[in-house]
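Accompanying notes for the structure given below.
There are 2 protein chains.
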Amino acid sequence: MKDEFNDLKEMHEYAWRLIIRGIVENKSPARHPTLGTTGLFGMPELRTVVLRCANQKAATLEVHTDVESKKVEELRLNPKVGLHIWFPKNKLQIRFKAVSEIKTGETLKKQWDKVPYNSRISYGTLPAPGTSISTSFSYEKPANFERFCIIKIKIKEMDLTHLGTRHTRALFARESKWSGTWLAP
Amino acid sequence: MKDEFNDLKEMHEYAWRLIIRGIVENKSPARHPTLGTTGLFGMPELRTVVLRCANQKAATLEVHTDVESKKVEELRLNPKVGLHIWFPKNKLQIRFKAVSEIKTGETLKKQWDKVPYNSRISYGTLPAPGTSISTSFSYEKPANFERFCIIKIKIKEMDLTHLGTRHTRALFARESKWSGTWLAP
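Right, dumping it as structure tokens:
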């Protein structure tokens with residue numbers, strides 16, 4: 061827990077340590093960011109996703125999904141995304157602006173092999189996720205590698221707000237090599 | 061806690077009970093939804109907001125903010141919003157599609173009078189929130205009624221996903237009087 065920030069580099073590193081914990085700690089808020097896309101009718105669409113990879117050096121994140129899910133259709137039309145994580149204990153909000161890339165097919169075989177057997181049913185729901193069905197359980201969940209999809213997320217900006225004794229806010233951007241600037245909170 | 065849903069009306073009522081708790085219970089996830097807007101450069105923008113009112117009958121929500129905050133500028137250009145709440149204990153995700161309306165000025169005097177004195181400093185930061193500043197604390201937080209703004213949110217759709225023993229998902233829309241339809245999860 062940190063009371064206040066007055067060093068940009070320290071704040072940036074602190075945020076990344078929390079993000080990376082999400083990869084291994086199921087209870088970390090970073091495990092379940094909210095992903096925002098522009099919906100097919102221009103309406104913002106938000107949903108919880110599971111963070112699978114986070115690479116500070118490359119400033120990239122990774123999320124897995126079913127290629128038939130609506131968000132993939134949305135991302136193919138508009139790859140710009142927002143991501144959001146709120147760490148209640150650390151009183152830190154992270155807002156990402158990023159660009160996504162959709163990956164599918166044989167090159168993902170290695171990653172698929174690492175997906176636990178029980179989790180593979182997340183990729184292949186019949187009918188496709190979001191399809192109207194007649195009763196609550198009128199669907200099946202076979203595992204289907206062809207539906208496995210990785211969303212690679214290249215971060216452009218990170219906007220951090222810390223609600224310490226005094227509030228602080230800073231923006232870190234790829235184009236300024238993450239050097240950061242303070243913002244009025 | 062609910063194991064599984066197979067009744068649309070019950071699921072819809074259950075979600076509203078959880079939403080309304082957010083108004084009074086500081087620890088309820090509904091207290092802090094994530095609000096998604098379309099940013100000024102077409103990038104989805106997500107941030108935590110505080111839920112101030114929720115009216116099931118009218119299907120409206122209310123959030124307060126500083127009229128000089130970026131989100132108000134964004135909403136004036138594009139009033140469409142997405143909202144997201146994830147209830148970890150209830151294993152329920154609520155995704156709202158909605159249209160917002162910005163209110164400011166003398167008609168809000170009654171609501172302003174109810175804002176606790178210590179909270180009024182959230183409306184009036186100098187320079188305006190998001191402005192670049194030289195050090196982390198180069199800002200002031202005077203209370204300023206003229207900066208007090210209510211975002212009224214008229215819900216169009218609620219998409220509920222419940223991760224019970226079996227997953228269920230349902231969509232409720234204003235235009236079908238919230239009767240609901242099951243979706244493949």
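Residue numbers (this note's numbering), protein chains in the order written: chain A, 61 to 245; chain B, 61 to 245.
Note that CB positions come from ideal geometry on N, CA and C, so glycine has one too.
- Message: The beta strand (DSSP E) that contains A:D126, what's its start and end?
- Response: If you look at A:D126, you'll find it in the beta strand (DSSP E) that goes T120 to D126.
- Which residue from B:K214, B:E217 and B:F197 puts its Cα closest to that of A:D67? A:D67 has its Cα closest to that of B:F197, out of B:K214, B:E217 and B:F197.
- Message: I'd like the ranges of any beta strand (DSSP E) spanning at least 3 consecutive residues and lying wholly in the segment 145-230 of chain A.
- Response: Counting whole runs of 3 or more residues, the segment 145-230 of chain A contains the beta strand (DSSP E) stretches 152-163 and 208-223.
- Would you mind reading off the limits of the alpha helix (DSSP H) that contains A:R91? Neither: A:R91 is in no alpha helix (DSSP H) and is coded neither H nor E.
- Verify the CB distance criterion: does A:G82 have a CB-CB separation below 7 Å to chain B? no
- In three-state terms, what does DSSP make of B:V109? coil
- Task: Examine chain A for any beta-carbon lying closer than 7 Å to the beta-carbon of B:L243, and answer yes or no.
- Result: yes
- Message: Buried or exposed, going by whether 16 or more other CB atoms sit within 10 Å of the CB of B:D219?
- Response: buried
- Taking B:V159 and B:K214 to be in contact with their CB atoms under 8 Å, please state how far apart those CB atoms are, rounded to whole angstroms. That belief holds up - the Cβ atoms of B:V159 and B:K214 are roughly 5 Å apart, short of 8 Å.
- Query: How is B:K140 classed by DSSP in three states: helix, strand or coil?
  - Reply: strand
- Item | Below-7 Å beta-carbon distance, A:M103 vs any chain B residue | yes
- Query: Going by beta carbon distance, what residues of the same chain come within less than 7 Å of A:I162, once the five residues before and after it are set aside?
  - Reply: Hits under 7 Å: V132, L135, R136, C209 and I211.
- Bridge partners of B:W115, per DSSP? In the sequence on display, residue 115 of chain B carries Asn and not Trp. Partner(s): B:T120.
- Item | Beta-carbon neighbours of A:T228, restricted to chain B and to distances below 8 Å | S196 and F197
- Item | Bridge-paired residues (DSSP) for A:P245 | Per DSSP, none; premise fails for A:P245.
- Element boundaries [alpha helix (DSSP H), containing B:K69]: L68 to V84 is the extent of the alpha helix (DSSP H) around B:K69.
- Task: Could you run through the segment 100-134 of chain B and flag, in chain order, every residue whose CB is less than 8 Å away from some CB of chain A?
- Result: From the segment 100-134 of chain B, only G102, M103, P104, E105, L106, R107 and T108 have a Cβ closer than 8 Å to chain A.
- Query: Apart from the five residues just before and just after B:A230, which ones in its own chain have a Cβ nearer than 7 Å to its Cβ?
  - Reply: Taken in chain order, the residues that qualify are L68, M71, L220, G240, T241, W242 and L243.
- Going by C-alpha distance, which of B:R112, B:A118, B:M61 and B:S129 is nearest B:E235? B:A118
- Task: Answer yes or no: does any C-beta atom of chain B fall closer than 7 Å to that of A:P187?
- Result: yes
- Exposure label - A:M61; buried when at least 16 CB within 10 Å: Exposed.
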